[in-house]
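Step one of this worksheet: look at the structure below.
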Amino acid sequence: MEKHGDKSPVWITEGSWGDDSREEALQSQFLPRFYITALGENIEKVLWFYLIDTFSKEDFGLMHRFKDGGEKKLSYYTYKLMTEKLTGSDFSKTETIYKNKNNTYVYKFIKNNKPIYVAWWDSWKEKDKKLKTITIPVNFTGNALITSTLPSAKKGSSIKPDNYSELFKTVTIPVSNNQLTFTIGQNPVFIE
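Using the numbering used here, read the sequence shown as starting at 13 and increasing by one per residue.
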């Protein structure tokens with residue numbers, strides 16, 4: 013659009029990924045990839061299609077139907093973590109660090125003048141591997157806190173509100189010469 017002189021803002025008003033009612037983790041893996049990719053491409057607004065599942069065959073919501081108990085899914089907690097991490101970011105300063113470099117994606121956001129990186133690996137393109145070690149450039153020193161976006165529970169219905177802060181696996185890794193080397197799996201991670 014810009015190439016043709018159109019600078020209109022772009023919105024995605026119906027993005028989603030079903031969980032097929034069997035595998036909540038897949039929906040939870042897709043959600044941050046969808047949002048981060050859109051924000052990295054300067055999409056002004058990104059909206060999830062359903063908050064709550066509507067029909068028994070449609071499972072795109074972040075919560076199950078009220079008729080089925082209305083429990084929050086894993087993706088609900090992933091969405092909550094993502095908004096906590098990125099709210100207040102200056103999205104005009106978003107940078108794409110890697111876009112499909114060896115099947116990895118890394119985006120950099122700026123919040124309170126500090127970088128927050130989001131990284132993931134498209135493991136389905138390398139089916140023979142379960143984990144991959146990557147190195148990314150960072151503009152800070154000391155240690156990096158890496159937080160998985162996938163809650164540690166198997167289903168959202170098993171999560172208790174009082175253990176939210178313990179849901180996401182974290183690891184601290186030292187930065188060396190403005191480079192961070194770490195092992196990544198299928199789930200996107202936040203790096204601070």
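Glycine residues also receive a C-beta, built at the ideal position from the N, C-alpha and C atoms. Since we're looking at a predicted model, the values are computed, not measured.
Secondary structure, beta strand (DSSP E): runs of 3+ residues fully inside the segment 114-192: Within the segment 114-192, the complete beta strand (DSSP E) runs of at least 3 residues are 116-123, 126-133, 144-149, 155-163 and 180-186.
How many angstroms separate the CA atom of ASN151 from the CA atom of PHE78? Indexing the sequence shown from 1 puts residue 151 at position 139. Indexing the sequence shown from 1 puts residue 78 at position 66. Cα to Cα, the separation comes out at about 46 Å.
Can we say the segment 105-116 touches the segment 85-93, given the rule of at least three CB pairs closer than 8 Å? By the Cβ rule, the segment 105-116 does not count as touching the segment 85-93, because fewer than three pairs are nearer than 8 Å.
Taking the continuous alpha helix (DSSP H) assigned at LEU98, which residues delimit it? Stepping through the sequence shown from its first residue, residue 98 is reached at position 86. Per DSSP, LEU98 is one residue of the alpha helix (DSSP H) stretching across 86-98.
Can you confirm whether the segment 163-177 touches the segment 116-129 when touching is taken to mean that 3 or more C-beta pairs between the two stretches lie within less than 8 Å? By the criterion of at least three beta-carbon pairs nearer than 8 Å, the segment 116-129 is not in contact with the segment 163-177.
Pairwise C-alpha distance: GLY73 and TYR62: As a first step, residue 62 must be located in the sequence shown, where it is residue number 50. As a first step, residue 73 must be located in the sequence shown, where it is residue number 61. C-alpha separation (whole angstroms): 5 Å.
Under the DSSP definition of a beta bridge, which residues are partnered with THR108? As a first step, residue 108 is located in the sequence shown; it is residue number 96 there, counting from the start. TYR119, per the DSSP bridge assignment.
Distance CB(THR193)-CB(THR153) smaller than 9 Å: The residue given as residue 193 occupies position 181 in the sequence shown. The residue given as residue 153 occupies position 141 in the sequence shown. For THR193 and THR153, no; Cβs fall outside 9 Å.
Among ASP140, ASP102 and ARG45, the one whose alpha carbon lies nearest that of ASN124: Taking the sequence shown and counting its residues from 1, one reaches residue 124 at position 112. The residue with the shortest Cα to Cα distance from ASN124 is ASP102.
Exposure label - GLY133; buried when at least 16 CB within 10 Å: If you number the sequence shown from 1, residue 133 lands on position 121. Per the sequence shown, residue 133 should be read as Trp rather than Gly. Its Cβ being crowded by 16 or more others within 10 Å, TRP133 is buried.
Sort ASN155, GLU204 and GLU83 by Cα distance to SER188 and report the nearest one. Here residue 188 refers to the residue found at position 176 of the sequence shown. Out of ASN155, GLU204 and GLU83, ASN155 has the C-alpha closest to the C-alpha of SER188.
Span of the beta strand (DSSP E), counted from its first residue to its last, around LEU59: On the sequence shown, residue 59 is found 47 positions in, with the first residue counted as 1. Note, LEU59: beta strand (DSSP E), 57-60.
What distance in whole Å lies between the Cβ atoms of THR182 and LEU210, which are believed to be in contact at a cut-off of 8 Å? Limits of the chain in this structure are 13 at one end and 204 at the other, which puts residue 210 out of reach.
Taking just the CA atoms, how far does TRP23 sit from LYS85? Reading the sequence shown from its first residue, position 73 is the one you call residue 85. Reading the sequence shown from its first residue, position 11 is the one you call residue 23. Rounded to the nearest angstrom, the two C-alpha atoms are 25 Å apart.
Would you decide whether GLY52 is buried or exposed? Buried here means 16 or more other CB atoms lie within 10 Å of its CB. Here the question's residue 52 lines up with position 40 in the sequence shown. Answer is buried; the Cβ neighbour count reaches 16.
According to DSSP, simplified to helix, strand and coil, what is THR66? Counting from 1 along the sequence shown, the entry for residue 66 is found at position 54. Looking at THR66 - three-state DSSP - the assignment turns out to be coil, as it is neither helix nor strand.
The beta strand (DSSP E) enclosing PHE202, as first and last residue numbers: By one-based count along the sequence shown, residue 202 stands at place 190. Its beta strand (DSSP E) spans residues 201-203.
Length of the line joining the Cα atoms of TYR176 and TYR88: As a first step, residue 176 is located in the sequence shown; it is residue number 164 there, counting from the start. As a first step, residue 88 is located in the sequence shown; it is residue number 76 there, counting from the start. Distance between the alpha carbons of TYR176 and TYR88 is about 11 Å.
Would you grab the beta carbon distance between GLY161 and PRO21 for me? Rounded to a whole angstrom, and I think it's under 8 Å. As a working note, residue 161 is residue 149 in the sequence shown. As a working note, residue 21 is residue 9 in the sequence shown. Before going on, a small fix: residue 161 reads as Thr here, not Gly. Actually they are not in contact, since the Cβ atoms of THR161 and PRO21 sit about 26 Å apart, beyond 8 Å.
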